[in-house]
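Okay, so the sequence shown: first residue is 481 according to the numbering used here, each after it adds one.
Ideal placement from N, C-alpha and C gives every residue a C-beta, glycine not left out.
Some notes on the structure that comes next.
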Amino acid sequence: MIDPDVLAAATEKVRAASGDDLIAEMFRRSMAENLPAVAERLPDGTTFVLTGDIPAMWLRDSAAQLRPYLLLCKDDPGLQDVLIGVLHRQLEYVVLDPYANAFNKSANGAGHTGDETEMSPWVWERKYEIDSLCFPLDLAYKLWKATGRADVIDARFRPAAEAILELWTVEQDHEARSPYRFQRHDDRPSDSLVRGGLGRLTQPTGMSWSAFRPSDDATDLGFNVPGNMFAAVVLGYLQEIASEVFGDESLAARAKELKASIEDGIAQHGTVDHPVYGRVYAYEVDGMGESLLMDDANMPSLLSAPLSGFAAPDDPTYLATRKLLLSPENPYYYSGTAASGIGSPHTPPRYIWHIALAVQGISSTSAEERQQLLELLRDTTGGTGLMHEGFDVDDPTQFTREWFSWANAMFCELALVHAGIR
């Protein structure tokens with residue numbers, strides 16, 4: 481799905497920057513195999529993308545898996561067609577149900593049909609996550625800018641954008657306005673919302689509420705700060721598209737107003753003073769004074785704020801937050817004999833994620849740190865040559881998900897960034 485000449489040229493740049501034949505070969509292999517393994521072109525011209533080993537398409541994962549390909553698609557029209565097809569299928573899904581995070585290829589009724597929420601046969605899972613709606617807007621904007629093609633922003637875009645704006649505005653006051661409820665009756669409390677599916681009590685902050693994190697685990701405090709950071713950025717993208725493509729200043733104004741409200745909410749409620757690190761971002765807040773200082777390996781995370789476009793890598797508040805996140809102050813930061821990094825409550829204790837290590841490298845201002853992290857990723861595949869979800873910090877042969885498309889994509893993006901391709 482990627483032009484062989486484009487891939488060969490990128491591989492040589494990765495080889496030159498890393499000075500490592502194995503890193504270059506891992507990059508080449510992942511770029512050549514990752515997308516064909518998950519992407520299926522459908523008769524309607526859209527592209528369905530499997531989320532790794534699950535037979536469904538997550539809005540977040542399907543876009544995140546494309547990140548390294550976006551960096552190389554400018555001179556590859558065939559690859560552009562595949563990526564645009566992914567976007568168009570995402571936009572159709574958003575209109576079907578903007579609260580859903582994962583969808584079926586057809587209205588086949590597969591998935592979590594026992595959940596207590598408003599399911600449809602198109603929906604695999606209906607865990608509402610604010611970041612799920614960020615990714616299609618982010619993908620649309622980046623494809624539009626990278627390709628200059630008029631067919632990127634087509635008739636599917638406006639209804640999806642309006643649905644996103646409406647939902648995010650409603651969820652600024654979840655208690656009073658939200659129709660969303662979710663309960664799942666299994667043995668994992670993080671799969672369900674308390675209070676009959678409403679979630680923990682919150683008060684408005686200006687940010688938009690989220691039921692679940694990018695990990696698909698329930699939020700503790702309702703307002704997920706890294707998700708709102710990403711939302712603020714893509715609302716800026718929506719404002720630009722509304723003005724330049726549609727000439728719709730009303731839609732642009734709505735996006736601008738919501739963006740400002742979310743940014744004010746982050747500034748007023750999403751930052752706290754830490755006794756060691758100073759002013760830092762919280763991971764979640766509830767609008768009533770409670771805040772959670774941690775990070776999760778899944779993206780968007782606080783560590784990934786530069787990747788989402790919210791903070792510069794050298795921003796003082798981001799740097800202070802980064803120091804906290806890469807320390808024992810973050811309860812999901814683990815150090816072992818083989819590696820150190822950020823894990824997740826979604827995986828076993830002392831398991832860190834290849835995604836988080838790649839994000840740490842991409843968001844770094846240090847070429848030395850990027851090189852070290854590329855080598856760490858190379859050395860912690862457990863002999864498979866592929867990225868995983870989480871792995872034991874003392875024994876990388878112990879891991880979750882032998883093949884994880886998103887993690888492979890993040891390794892490739894780090895390799896490209898290290899080679900000067902951003």
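1. How close, in whole Å, do the beta carbons of leucine 718 and proline 616 come, if the pair is a contact with beta carbons under 8 Å?
2. Within 10 angstroms of its Cβ, does asparagine 708 collect 16 or more other Cβ (buried), or is it exposed?
3. Quick one: Cα of valine 756 to Cα of glutamate 655, how far?
4. Considering only the beta carbon of each residue, do alanine 895 and isoleucine 835 sit closer than 8 Å?
5. In the structure shown, what three-state DSSP assignment does alanine 656 receive?
6. Measure the beta-carbon distance from alanine 626 to phenylalanine 637 and round it to whole angstroms, keeping in mind my assumption that it falls under 8 Å.
7. Mapping DSSP to helix, strand and coil, what is asparagine 704?
8. Hey, could you find the ends of the beta strand (DSSP E) leucine 820 is sitting in?
9. Identify every residue that forms a DSSP beta bridge with leucine 772.
10. Go ahead and label leucine 522 buried or exposed: buried means 16 or more other beta carbons lie within 10 angstroms of its beta carbon, across all protein chains shown.
11. By DSSP, does methionine 537 sit in helix, in strand, or in coil?
12. Enumerated in chain order, which unbroken segments of the alpha helix (DSSP H) with a length of 4 residues or greater are wholly contained in the segment 553-631?
13. Between which two residues does the alpha helix (DSSP H) harbouring valine 518 extend?
14. Return the chain-ordered list of same chain residues with a C-beta closer than 8 Å to the C-beta of alanine 791, the five sequence neighbours on each side being excluded.
15. Given a threshold of 16 other Cβ atoms within 10 Å of its Cβ, counted over all protein chains shown, does methionine 779 qualify as buried or as exposed?
16. Taking the beta carbon of valine 760 as the centre, do at least 16 other beta carbons fall within 10 Å, making it buried, or is it exposed?
17. State yes or no: is the C-beta of methionine 867 within less than 8 Å of the C-beta of leucine 856?
18. If you compare alpha carbons, which of Asp872, Asp671, His898, Asp634 is closest to alanine 818?
19. Mind reading off the beta-carbon distance from arginine 802 to tyrosine 814? Whole number of angstroms is fine, and I expect it under 8 Å.
20. How is the beta strand (DSSP E) around histidine 754 delimited, first residue to last?
21. For serine 771 and isoleucine 742, what's the separation of their Cα atoms in angstroms?
22. Nearest by alpha-carbon distance to valine 562: which of Asp875, Asp631, Trp886, Pro828 is it?
23. Between the C-alpha atoms of glycine 676 and serine 600, what's the straight-line distance to the nearest angstrom?
24. Are the beta-carbon atoms of phenylalanine 692 and aspartate 766 separated by less than 8 Å?
25. For alanine 544, which residues from the same chain have a beta carbon less than 8 Å from its beta carbon, with the 5 sequence-adjacent residues on both sides left out?
26. Can you give me the start and stop residues for the alpha helix (DSSP H) that tryptophan 913 sits inside?
27. Can you pull the DSSP bridge partners for threonine 531?
28. If you drop the 5 nearest sequence neighbours on each side, which residues of the same chain put their C-beta closer than 6 Å to that of lysine 585?
29. CA-CA distance, glutamine 878 and proline 578?
30. For proline 669, which three-state DSSP category applies?
31. What is the rounded straight-line gap between the Cα of alanine 732 and the Cα of valine 725?
32. Please check the pair glycine 821 and leucine 805, which I expect to be a contact at CB under 8 Å, by giving their CB distance rounded to whole angstroms.
33. From serine 670 to glycine 750, what does the alpha carbon distance come to, in whole angstroms?
34. CA-CA distance, glutamate 651 and threonine 699?
35. Looking at leucine 783: is its Cβ nearer than 8 Å to the Cβ of serine 843?
36. Taking the alpha-carbon positions, what's the glycine 565 to leucine 546 distance?
Here's the rundown:
1. Their Cβ separation, rounded to whole angstroms, is 11 Å, which puts leucine 718 and proline 616 out of contact at 8 Å.
2. buried
3. 35 Å
4. no
5. helix
6. Not quite, the Cβ-Cβ distance comes to about 16 Å (not below 8 Å), so this is no contact.
7. strand
8. The sequence given here has serine at residue 820, not leucine. Per DSSP, serine 820 belongs to the beta strand (DSSP E) from 820-822.
9. Glu764
10. exposed
11. strand
12. 557-576, 610-627
13. 501-518
14. Met709, Ala785, Thr797, Tyr798
15. buried
16. buried
17. no
18. Asp872
19. Contact flag wrong, Cβ pair sits at about 17 Å.
20. 751-754
21. 17 Å
22. Asp631
23. 20 Å
24. no
25. Phe615, Met779, Trp886, Ala889, Met890
26. Since the first and last residues shown for the chain are 481 and 902, residue 913 lies out of range.
27. Ile534
28. Phe528
29. 37 Å
30. helix
31. 11 Å
32. In fact, because the Cβ distance is near 10 Å, the residues do not count as touching under 8 Å.
33. 22 Å
34. 14 Å
35. yes
36. 12 Å
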